[in-house]
Amino acid sequence: MLVVGLSHRTAPIEVREKLALGEQGLAELLARLLGLASVRESVVLSTCNRVEIYVAVNEAERARRAVVELLCEVGGTAVADHLTTHTDHAAVTHLFRVASSLDSLVVGEPQILGQLKEAIRVAEEARAVGSELGAAMRAALGVAKKVRTETAIGAGQVSISSVAVDLARQIFEDMQDRTALLVGAGEMAEAAAKILAKSGARLLVCNRSPGRAQALAEAVDGTARPWEELDLCLGETDIVITSTASPGYVVTLDKVKALRKARRGRSLFFIDIAVPRDVEPTVNQLDNVYLYDIDDLQKVVSGTLEERAVEAERAERLVAEEVRRYQERSAERNVAPLIQQLRERTRTTLQAELERSLRGRLRHLTEADKDALGAMLDAAVNKLLHAPSTRLRALARAPQGEEMAQAVRQLFELEGRSHSDPDIRVEPLPDSLRPGELQAEAEPVQRAAKAMGGE
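Going left to right, the sequence shown walks through residues 483 to 937 as this note's numbering numbers them.
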């Protein structure tokens, strides 16, 4: 597995927003990823703080170059310096940490899990997820659930929205006499609205969809306003929290300049938690206008990180253990096709010897006798390969596992199989058969078994 992308840890918001794609853009990116010769499976995770490509690949370096080139085509060459890459063990660890909210701007926030589930759903609908990446994603969701169950990392209010409201409280100690305007009525706006409502602020909700604005306003005892009245709302409010999905600025420098006379010198605070940004950055240059974007929230977050350090450390240990277990299971799955090939090669060899004898000196046998010999052949294959199969599964979890698997392929002239092949279930060994008098007629089978090294 390979992960290529950027996040709040590696890129400022002005770079991240270059890769902030709408629903159609994400669908097109996923389709283009699947068109790359080196990519077998893909999931695209896009949030306000990260855009990451998770892919199952045939050759890691070739795939990395192709994915980086594609992202630079989409977001411009400026994104290249901020992209990071994780492969194999590091890729699995990164995925598990992201799902568990250990790599989030606000450690412990619950939104990332829903965003990852949505990314998986979109990829599955596009038939972009197969057995390998699908197994990793399912494991990541399981780890995230375990982290939330076994640690207190998500206790209390932890989200971008809650941090935004904390910042508003720092600006205005008493929210009772303040008016807060929510521009946008999505999930993040709803979370912010609920917290603001508890603080006693008067709430206005302005959204392009009147129905969604009305529904959110009713839920928090606020007032819905038509999108066409956005300028009027800006003139009435003290705090503006924006979280739309608009591709361009919703609040421009010229718009805010036009408000100054009506506001009569009253301060106006913008908290822009949208990516791409909703508020033109230059409004911060105006007197009595203060703008905080999502990167500015990191200063507020630093305090919550200290409080959650103990729980985060517990979660990190849990994730590390789950990564180890996943890789052991993955190694066993990867060696299953090799074991099946070895069984097929052995059975084919023994079957050819048996059929030669049945056409020769054993041609007088009845159909029942021939069936009994066939059953004995199956038993011989199982007995012969039980120990090698068990050993291969055990060695698959060790550092030298792939080296051993390759040695087996060369010794028995077996073809390598893609990791994307479906898992092959090896049936449990049957009880030993006792064909009785047919044992004496089984010399071809016994000779072939000895040739393969069996006892």
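Positions of the beta carbon are idealized from the N, C-alpha and C atoms, including for glycine.
Only a predicted model underlies this, so the values are computations on that prediction, with no experimental measurement involved.
Please report how far the alpha carbon of residue i lies from the alpha carbon of residue j, in whole angstroms.
i	j	result
D736	V625	48 Å
D775	I653	15 Å
Y772	P692	28 Å
A662	A794	33 Å
D778	Y808	37 Å
E632	E718	46 Å
S978	F751	Residue 978 is absent from the structure shown; the chain starts at 483 and stops at 937.
A493	A601	21 Å
I495	N531	8 Å
K680	V539	49 Å
R498	A637	29 Å
L511	L527	11 Å
V525	R875	29 Å
D585	P758	20 Å
N939	G666	This structure does not reach residue 939, given that the chain is present from 483 up to 937, and the question cannot be answered.
K676	G612	39 Å
V629	E804	10 Å
A605	E885	33 Å
E849	S871	32 Å
R544	T764	41 Å
I821	A834	20 Å
A572	V537	13 Å
L893	A887	10 Å
V890	R873	12 Å
A697	A727	18 Å
I906	R620	Confidence at I906 is low in this model, with a pLDDT of 29, below 50, so the placement of that residue is unreliable and no value is reported for it.
E710	L678	24 Å
A513	G616	17 Å
A699	E607	34 Å
V817	R603	29 Å
A857	N864	11 Å
T569	I535	12 Å
E655	P708	29 Å
DSSP has residue i in a bridge; who is on the other side?
i	result
R684	T661
I721	A662, F751
E772	Note that residue 772 corresponds to Tyr in the displayed sequence, not to Glu. In the DSSP output, where bridge partners are listed per residue, Y772 has F751.
A706	V687
V611	Partner(s): none; V611 has no beta bridge.
V733	V761
Identify, in the order they occur along the chain, each residue of the same chain with its Cβ nearer than 7 Å to the Cβ of residue i, setting aside the five sequence neighbours on each side.
i	result
V458	In the structure displayed, the chain extends from 483 to 937; residue 458 sits before or after that span and is not available.
A618	M483, V574, L577
R790	V589, G590, I635
M670	I642, S643, S725, I755
V645	V588, L779, V782, V783
G747	N770
A744	G717
D903	Model confidence at D903 stands at a pLDDT of 38, short of 50, so the residue's coordinates are unreliable and nothing is read from them.
A674	S643, A646, V647, L664, I723
Could you tell me whether the Cβ atoms of residue i and residue j are closer together than 8 Å?
i	j	result
V801	F578	yes
V687	L664	yes
I753	A650	yes
L552	L515	yes
V556	L501	yes
E523	E614	yes
L824	A862	no
V783	D760	no
L695	A706	The question names Leu, but residue 695 is Ala in the sequence shown. Yes, Cβ-Cβ distance for A695 and A706 is below 8 Å.
L685	G704	yes
P729	G558	no
D660	D720	At residue 660 the sequence reads Arg, which differs from the Asp that was named. Yes, these two residues count as a Cβ contact at 8 Å.
Excluding the 5 residues flanking residue i on each side, which residues of the same chain have their C-beta closer than 8 Å to its C-beta?
i	result
L840	L847, K852, L855
Q780	H490, L587
A581	I594, L595, L598, A622, L623, V625, A626
A560	V497, K500
N766	Y772, L773
L716	L663, V722, V733, K737, V738, L741, L750
E541	S520
For residue i, which residues in the same chain have their Cβ closer than 6 Å to its Cβ, ignoring the five residues on either side in sequence?
i	result
T567	V486, R546
A701	none
A548	L518, S520
R929	Bear in mind that the predicted position of R929 carries a pLDDT of just 39, short of 50, making it too unreliable to give a figure here.
T529	Q597
Does the ligand ATP have a heavy atom nearer than 7 Å to the CB of residue i?
i	result
T529	Absence of the ligand ATP from the depicted structure is noted, as is the absence of any ligand whatsoever, leaving it without description.
Contained beta strand (DSSP E) runs [length at least 3] in the stretch 485–546, N- to C-terminal order:
Within the stretch 485–546, complete beta strand (DSSP E) segments of at least 3 residues are found at 521–528, 532–539, given in chain order.
Counting only runs that start and end within the stretch 561–585, where is the beta strand (DSSP E) found for 3 or more residues in a row?
Taken in chain order, the whole beta strand (DSSP E) runs of length 3 or more contained in the stretch 561–585 are 566–569.
I'd like the ranges of any alpha helix (DSSP H) spanning at least 4 consecutive residues and lying wholly in the stretch 813–892.
Runs of the alpha helix (DSSP H) lying entirely within the stretch 813–892, each at least 4 residues long, are 849–878 in chain order.
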